[in-house]
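J.: Just remember that this note's numbering sits 404 ahead of the position in the sequence shown, which is counted from 1. Right, I'll just put the structure down here and ask away after.
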Amino acid sequence: MTDIIKNNDYTVEITGLTHEGLGVGRINNLAIFVKGAIPGETILAKVIKINKSYAVGKLLKIIKASENRAEPFCKVYGKCGGCSLQHMDYSAQLKFKTDMVRENLKRIGKLEDVIVNPAIGMENSLRYRNKAQFPVGMADGRPVIGFYSVRSHNIIDSETCGIQDELSDRVREVVRKFIAENKVSVYDEVTGKGLVRHVMTRVGFKTGEVMVVIVVNGKKLPFHDKLVRSLTYAVPDIKSIVLNVNTQKSNVILGSENITLFGRDVITDYIGKFKFEISPLSFYQVNPVQTEVLYEKALEYAGLTGSETVFDLYCGIGTISLFLSQKAKKVYGVEVVEDAIRDAKRNAEINGVDNCEFIVGEAEKVIPELYGQGVKADVVVVDPPRKGCDEVLLQTLVDMAPKRIVYVSCNPSTLARDLGYLSERGFEVNKVQPVDMFPYTSHVECVTLMSRVEK
Ligand code: SAH
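Here's what the structure looks like:
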C-alpha cells in the first residue's frame with residue numbers, strides 16, 4: 405500500500421525516462437511519471453493520478469535542474485502533440501535514444517550483449533521535415549489549421565512549426581484565408597459533416613518542388629481555381645496541387661482518390677544520386693538528410709559484391725532498392741501499396757536501373773510464394789511499418805537462410821521482438837546503428853545487421 409495522496413505535492417528525484425520521454429522517479433517505492441522532467445533533476449510535482457503500479461505527476465517547479473535542460477524553441481511546446489524532447493539538449497536526446505534501443509533489445513529481445521552504436525544525429529536539427537499534415541477545424545468561429553494537441557483532437561493553431569519546412573507555414577496561411585473568405589465549410593469529426601479535412605504539404609529538399617494536397621470530405625472544392633491562384637502566387641515552387649477525396653468517417657488522413665487541380669500529379673526529389681517521383685499516397689521518408697545516412701548504412705551493412713540476389717521488403721517507392729541495385733546482381737522490391745509500386749517502377753526507369761523487379765503485395769504472402777518458386781535471396785533488407793514483420797515472413801526467412809538480414813526499423817520494441825525471434829533460429833545480431841530521423845520527438849530509427857550462423 406502507498407500513502408501517496410492525490411493532489412498533494414511531492415519532491416521527486418528523476419532517475420530515468422520512459423519511451424515517450426517522460427521523467428521517471430519514485431515516491432515511497434511507487435514509480436511516478438512526470439512530463440518535462442529530466443534524469444538528474446530534483447523537482448516538485450503534484451500527483452494528478454494514482455493507480456496500483458504507478459502515479460502521474462504534473463511538474464510544478466524544478467528545484468535542481470539538469471545540465472541537459474534546454475529552453476524549448478516552440479511557443480506551443482507541451483500543448484502540441486508533436487514534439488516531446490524540446491526541453492532536453494540535442495546530445496541528451498541522442499543518448500536517450502541510444503539507451504532506449506539498448507533497453508528494448510535486452511527486455512523484449514533478450515539480447516544482452518549486442519553492439520549498439522551511438523545514435524547518429526543531425527548537424528542542423530531544425531526544420532528537418534519535408535512533409536506536414538495539418539488537420540483543419542474551427543475555433544471561435546474561424547478556421548484553424550495546425551496540429552492536434554497532446555492526446556486529443558483539439559487543434560493547436562501555431563503560426564509556425566520549427567521542425568517543418570517554412571513553406572508549409574505559408575501554405576496553411578493561404579488555405580486558412582481561402583476557407584475564411586469563401587466560407588468553405590470545414591470537416592467536423594463528430595458529425596462527419598463539412599468539407600475540408602486536412603492540408604498536406606511535401607517539399608523536395610534537393611529540388612525545391614512543392615506538392616500541396618487538400619483532403620476533402622467530398623469530390624469537389626468550391627472556388628478551387630481561386631485557391632490554386634493564391635497558392636501558386638504565395639509559393640511559386642508549388643509544382644502540384646491535388647484534391648484528395650476522403651469521405652470515410654475515420655482517423656485515416658488520406659482517401660484513395662486523387663484529383664490533380666494544378667501541375668503534375670507527382671513531385672520529384674533526390675536521395676543521394678537517385679531521383680524519385682513521389683505521388684500523394686506513397687510513403688517517402690520525412691527527413692531526407694538523415695534518410696541518406698540511413699540508406700548508406702543499410703547499403704554498407706548489406707555488404708554486397710555485385711553477385712547477390714537481394715530482397716528489399718516493404719520497399720515503398722523503391723528508394724532502398726535503387727541504393728542496393730548499385731552493388732547487387734538483382735533486387736526484388738515488395739510493397740503492399742499499389743501506387744508506391746507504380747512509382748518504384750517508374751523510379752527505376754528514370755534512373756536507368758534495370759536490375760530491379762517490383763512486386764505488389766504483402767511481404768508475408770509474396771515471399772513464401774517466391775521462395776516456393778525457388779527464388780532465394782543472399783541478402784534481405786526489411787523496412788516494415790511500426791508493427792514490425794509478420795511471423796510468416798520471418799519464418800520464411802529462417803527457412804531461406806540468407807547470408808545477411810539488414811533490418812531497418814522505426815520502432816525499437818518490434819525490432820527487438822523480431823531480432824529475438826531470428827536470433828533463436830539461426831541468425832545472430834552483429835550490430836545496431838540508431839539514426840536520428842526525428843529530432844525533438846522520442847522516435848528513433850535503427851539499421852541492424854544480422855548474419856546467418858554457420859553450423
Ligand atoms: N523502405 C521504404 C518504405 C518504408 S515504410 C522507404 O524507406 O521509403 C514501410 C512500407 O511498408 C510502407 O510503404 C507500407 O506501405 C509498406 N507495408 C506495410 N505493410 C506491408 C506488408 N505487409 N507487406 C509489404 N509492404 C507493407
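Backbone N, C-alpha and C fix where the C-beta goes; we use that ideal spot for every residue, glycine too.
Please classify Asp-407 as buried or exposed, where buried requires at least 16 other C-beta atoms within 10 Å of its C-beta.
T.: For the purposes of this step, residue 407 is taken as residue 3 along the sequence shown, with counting starting at 1. With fewer than 16 Cβ atoms within 10 Å of its Cβ, Asp-407 is classed as exposed.
J.: Per DSSP, which one or two residues make a beta bridge with Leu-530?
T.: As a working mapping, residue 530 is identified with position 126 in the sequence shown. Note: Leu-530 sits in no beta bridge, so no partner.
J.: Under the DSSP definition of a beta bridge, which residues are partnered with Tyr-699?
T.: Here residue 699 refers to the residue found at position 295 when the sequence shown is read from its first residue. Partner(s): none; Tyr-699 has no beta bridge.
J.: May I have the straight-line CA-CA distance separating Gly-756 from Val-594, to the nearest angstrom?
T.: Looking up residue 756 in the sequence shown gives position 352. Looking up residue 594 in the sequence shown gives position 190. So the alpha carbons of these two residues sit roughly 49 angstroms apart.
J.: The ligand SAH and Tyr-736: does the residue's C-beta get closer than 6 angstroms to at least one heavy atom of that ligand?
T.: To locate residue 736, count along the sequence shown from 1; it is residue 332. No, the beta carbon of Tyr-736 sits no closer than 6 angstroms to any heavy atom of the ligand SAH.
J.: Run the CB neighbour count on Lys-535, radius 10 Å, all protein chains shown included, and call it buried at 16 or more, exposed below.
T.: Here residue 535 refers to the residue found at position 131 of the sequence shown. It counts as buried.
J.: How many angstroms separate the CA atom of Glu-681 from the CA atom of Glu-828?
T.: Residue 681 sits at position 277 when you count from the first residue of the sequence shown. Residue 828 sits at position 424 when you count from the first residue of the sequence shown. Taking the straight line joining both Cα atoms gives about 40 angstroms.
J.: Expressed to the nearest angstrom, what Euclidean distance is found between the alpha-carbon atoms of His-557 and Ala-805?
T.: On the sequence shown, residue 557 is found 153 positions in, with the first residue counted as 1. On the sequence shown, residue 805 is found 401 positions in, with the first residue counted as 1. Their backbone Cα atoms lie some 46 angstroms apart in a straight line.
J.: If you follow the beta strand (DSSP E) that Glu-739 is part of, which residue opens it and which one closes it?
T.: The residue you call residue 739 lines up with position 335 of the sequence shown. Where Glu-739 is concerned, the enclosing beta strand (DSSP E) stretches over 734-739.
J.: Skipping 5 residues on each side, what residues in its chain have a beta carbon closer than 7 angstroms to that of Gln-537?
T.: Residue 537 sits at position 133 when you count from the first residue of the sequence shown. Around Gln-537: His-602, Met-604 and Ile-657.
J.: Are Ala-706 and Val-578 touching if we call contact CB-CB under 7 angstroms?
T.: Here the question's residue 706 lines up with position 302 in the sequence shown. Here the question's residue 578 lines up with position 174 in the sequence shown. Cβ distance not < 7 angstroms, so Ala-706 and Val-578 don't count as in contact.
J.: In three-state DSSP terms, what is Thr-723?
T.: Residue mapping note: residue 723 aligns to position 319 of the sequence shown, counting from 1. Of the three classes helix, strand and coil, the one that applies to Thr-723 here is helix, per DSSP.
J.: Quick check on Gly-429: buried or exposed, where buried means 16 or more other Cβ atoms within 10 Å of its Cβ?
T.: Residue numbering aside, residue 429 sits at position 25 when the sequence shown is read from its first letter. Buried.
J.: Assuming the contact rule is C-beta atoms closer than 8 angstroms, Ala-732 and Glu-712 should be a hit. Round their C-beta distance to whole Å, please.
T.: Your numbering for residue 732 matches position 328 in the sequence shown. Your numbering for residue 712 matches position 308 in the sequence shown. Sure, about 5 angstroms apart at Cβ, within 8 angstroms.
J.: Cβ of Gly-612 within 6 angstroms of any heavy atom in the ligand SAH?
T.: Along the sequence shown, one-based indexing puts residue 612 at 208. Relative to the non-hydrogen atoms of the ligand SAH, the Cβ of Gly-612 never comes closer than 6 angstroms to any of them.
J.: Which residue comes first and which comes last in the alpha helix (DSSP H) that contains Ile-431?
T.: By one-based count along the sequence shown, residue 431 stands at place 27. Unbroken run through Ile-431 is the beta strand (DSSP E), 427-431; no alpha helix (DSSP H).
J.: Buried or exposed: Glu-563, going by 16 or more other Cβ atoms within 10 Å of its Cβ?
T.: The sequence position of residue 563 within the sequence shown is 159, counting from 1. Result: exposed.
J.: Just to check, is the beta-carbon of Gln-689 closer than 6 angstroms to a non-hydrogen atom of the ligand SAH?
T.: The residue labelled residue 689 in the question sits at position 285 within the sequence shown. Yes.
J.: Which runs of the alpha helix (DSSP H), 4 residues or longer, sit entirely within the region 763-803?
T.: 767-776
J.: Might you give, ordered along the chain, the residues of its own chain that have their beta carbon closer than 7 angstroms to the beta carbon of Gln-568, omitting 5 neighbours on each side?
T.: Here residue 568 corresponds to residue number 164 of the sequence shown, with the count starting at 1. Excluding residues within five positions, the ones whose Cβ falls inside 7 angstroms are Arg-531, Arg-533 and Ala-536.
J.: Going by DSSP, which residues form a beta bridge with Ala-523?
T.: Numbered from its first residue, the sequence shown carries residue 523 at position 119. Ala-523 pairs with nothing; no bridge assigned.
J.: Taking the beta strand (DSSP E) that Thr-672 falls in, what are its first and last residues?
T.: On the sequence shown, residue 672 is found 268 positions in, with the first residue counted as 1. Run containing Thr-672: 671-675, per the beta strand (DSSP E) assignment.
J.: For Val-619, which of Gly-420, Gln-730 and Asn-650 has the nearest alpha-carbon?
T.: As a first step, residue 619 is located in the sequence shown; it is residue number 215 there, counting from the start. Looking at the Cα atoms, Asn-650 is the closest of the given residues.
J.: Just to confirm, does Asp-787 get its C-beta within under 6 angstroms of one of the non-hydrogen atoms of the ligand SAH?
T.: If you number the sequence shown from 1, residue 787 lands on position 383. Answer for Asp-787: yes, Cβ within range of the ligand SAH.
J.: Judging by CA-CA distance, which residue of Gln-837, Phe-831 and Val-839 is the nearest neighbour of Glu-858?
T.: If you number the sequence shown from 1, residue 858 lands on position 454. Among Gln-837, Phe-831 and Val-839, the Cα nearest to that of Glu-858 belongs to Phe-831.
J.: Between Glu-661 and the rest of its own chain, which residues show a CB-CB distance below 6 angstroms, the 5 nearest in sequence each way excluded?
T.: As a first step, residue 661 is located in the sequence shown; it is residue number 257 there, counting from the start. Only Val-649 meet the Cβ criterion.
J.: Counting contacts by CB-CB distance shorter than 7 angstroms, is Gly-792 in contact with chain B?
T.: Of the chains in the structure shown, none is chain B; there is only one protein chain.
J.: Does DSSP put Lys-581 in a helix, in a strand, or in coil?
T.: One-based indexing of the sequence shown puts residue 581 at position 177. Here Lys-581 sits in helix by DSSP.
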